[in-house]
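In this note's numbering, the protein residues as written are 9 to 402. Beta carbons are placed, not taken as given, at the ideal position from N, Cα and C, and that holds for glycine. What you are looking at is a predicted structure, and each value in this text was computed from that prediction instead of being measured. Here the structure comes first, spelled out in structure tokens, and everything after it is commentary.
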Amino acid sequence: MAGRQPILNFLPFIFSLISFILILLVILAGTNNLLTNLYYLRTDTANLIVPAKLSNSTFLRDISTVSGTDLVGRDASATSLGLANTYTLHLLTSCAKTGSKVDCAPPHIGFKFDPRVDLRLDSTALVGSFDGDYTSALRSYANVSRFLAGAYILSAALAAFAPVVALFSARFPKAGILGAVNSLGATLFLLAGNIAAMVTFKKLDSAFNKAFSDSGLKSSTGSTLTALSWVAFVFSLLTTTVFFIRARGASSAHRGRRAVRSIDPNGKPGGALVTGAGPIEGAYAEGGALGAVGNDPYVKKPGFFGRIPTWNKHNYVQVEKHPALVRTDVGGREEAVVVESPDDARRRLDDDWNAEDDFAGERTGRGIAMRNLPVGNKKTRDMNTAYEPYSNAI
9 MAGRQPILNF LPFIFSLISF ILILLVILAG TNNLLTNLYY LRTDTANLIV
59 PAKLSNSTFL RDISTVSGTD LVGRDASATS LGLANTYTLH LLTSCAKTGS
109 KVDCAPPHIG FKFDPRVDLR LDSTALVGSF DGDYTSALRS YANVSRFLAG
159 AYILSAALAA FAPVVALFSA RFPKAGILGA VNSLGATLFL LAGNIAAMVT
209 FKKLDSAFNK AFSDSGLKSS TGSTLTALSW VAFVFSLLTT TVFFIRARGA
259 SSAHRGRRAV RSIDPNGKPG GALVTGAGPI EGAYAEGGAL GAVGNDPYVK
309 KPGFFGRIPT WNKHNYVQVE KHPALVRTDV GGREEAVVVE SPDDARRRLD
359 DDWNAEDDFA GERTGRGIAM RNLPVGNKKT RDMNTAYEPY SNAI
């Protein structure tokens with residue numbers, strides 16, 4: 009865990025920063041005539057033709073033909089209505105494009121795009137003939153518009169706060185819990201906003217084409233803005249995951265430090281470090297004796313097999329007379345380090361090499377010169393002197 013701790017300190021900062029930038033692009037699309045290619049819905053008015061209101065009257069057409077006076081009226085087009093070639097719908101505004109000229113409305117929360125007013129369809133023969141599905145989809149969009157703006161703005165604010173928490177959590181591990189909760193909130197707001205935007209604009213696009221395709225109006229949904237919002241969600245989710253992994257690792261390291269920080273009643277490291285489960289008499293933790301399991305919530309209570317003396321034995325690592333130092337790693341965790349000189353390590357290796365081998369005496373060397381010589385360092389015992397103390401007592 010210590011080896012990958014620097015990576016876990018660095019990843020939340022990068023992931024949250026990327027997520028914040030992508031959310032910011034979604035919010036600022038169309039603002040000040042910028043990023044107009046990032047849109048939710050695009051409407052094309054180039055082929056708009058709306059017949060005149062009295063075009064179905066045969067009597068008026070005949071009179072107009074005889075008198076030479078136009079009593080029917082002209083068909084409405086994008087040019088006669090003064091419309092732009094395309095209209096793009098964004099989160100906080102809409103933009104009109106005519107060639108290279110772009111004109112966007114002032115952005116505000118809860119922006120609503122109404123084709124009847126913005127495309128001036130109420131002044132044509134289409135007034136009062138709107139499809140029911142289109143009216144329902146337009147009403148749903150008006151209700152969701154304010155929620156979408158709020159969801160993305162809140163997620164951007166939380167995502168902007170996450171890099172700051174990531175920097176502090178590298179020094180203060182407990183700050184990672186705040187970062188995890190903060191990033192989780194941004195992720196949930198992004199998820200809700202993305203789903204609501206996809207459903208709402210897909211429904212509006214379908215209803216718009218169904219209602220006005222005969223008049224030459226066409227609409228299409230934008231994929232770039234939707235893709236950016238989902239990529240931002242993925243990075244926000246990754247940030248949340250890394251924060252939770254770090255918080256869990258910090259919690260585990262804290263419990264480990266409570267168990268081995270002090271193993272001597274006088275506050276000094278003892279002669280042996282105890283590894284294993286279950287309370288050990290004479291071993292002390294920061295909050296008191298490890299034997300008092302019920303008084304320390306950080307010490308795990310032994311299970312059924314842990315209560316059996318022969319089932320779970322404790323392992324002792326001999327550290328001789330060398331002091332155990334406590335150092336802090338890059339992740340902020342403390343660990344005990346035994347310092348010894350090279351001579352001590354060399355002496356221990358020599359002692360191990362010279363240790364008695366219980367099985368070596370049973371083997372002899374091969375070859376003529378070493379046929380009767382034993383192999384190994386098994387000590388030989390004189391059976392006449394082995395029981396000398398007992399023979400003197402007779």
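Continuous alpha helix (DSSP H) stretch holding residue i: start and end
| i | result |
| --- | --- |
| Leu89 | 86-89 |
| Val110 | That residue, Val110, is in no alpha helix (DSSP H); its beta strand (DSSP E) goes 109-112. |
| Pro115 | No alpha helix (DSSP H) contains Pro115, which DSSP labels as neither H nor E. |
| Arg124 | 123-126 |
Expected contact under 8 Å - CB spacing of residue i and residue j to nearest Å
| i | j | result |
| --- | --- | --- |
| Thr94 | Arg50 | 6 Å |
| Thr101 | Ala113 | 5 Å |
| Pro123 | Leu25 | Their Cβ separation, rounded to whole angstroms, is 38 Å, which puts Pro123 and Leu25 out of contact at 8 Å. |
| Val239 | Leu19 | Not a contact, Cβ separation roughly 16 Å. |
| Thr132 | Val189 | Contact flag wrong, Cβ pair sits at about 53 Å. |
| Asp139 | Ala219 | 4 Å |
| Cys103 | Asn41 | 7 Å |
| Val34 | Ser237 | 5 Å |
| Phe241 | Asn202 | 6 Å |
Beta-carbon spacing of residue i, residue j below 9 Å
| i | j | result |
| --- | --- | --- |
| Ser227 | Asn217 | yes |
| Leu99 | Tyr149 | no |
| Tyr47 | Ala37 | yes |
| Ile105 | Thr44 | According to the sequence shown, residue 105 is Lys rather than Ile. Yes, they are a contact pair. |
| Leu56 | Gly224 | yes |
| Thr234 | Ala200 | no |
| Leu175 | Phe21 | yes |
| Val173 | Leu186 | yes |
| Val135 | Leu127 | no |
| Asp111 | Ala92 | yes |
Residues that residue i bridges to, as DSSP identifies them
| i | result |
| --- | --- |
| Ile57 | Ser85 |
| Asp52 | Thr94, Lys226 |
Extent of the continuous beta strand (DSSP E) run through residue i
| i | result |
| --- | --- |
| Ser102 | 102-106 |
May I ask you to verify whether the region 242-255 touches the region 192-204, counting CB pairs closer than 8 Å and requiring at least 3?
Counting Cβ pairs under 8 Å, three or more are found: they touch.
Could you say if the region 23-30 and the region 199-217 meet the contact criterion of at least three C-beta pairs nearer than 8 Å?
Contact fails: fewer than three Cβ-Cβ distances are below 8 Å.
The region 162-169 / the region 130-147 touching (three or more Cβ pairs under 8 Å):
Using a C-beta cut-off of 8 Å, the region 162-169 makes no contact with the region 130-147, since fewer than three inter-stretch Cβ pairs fall below that distance.
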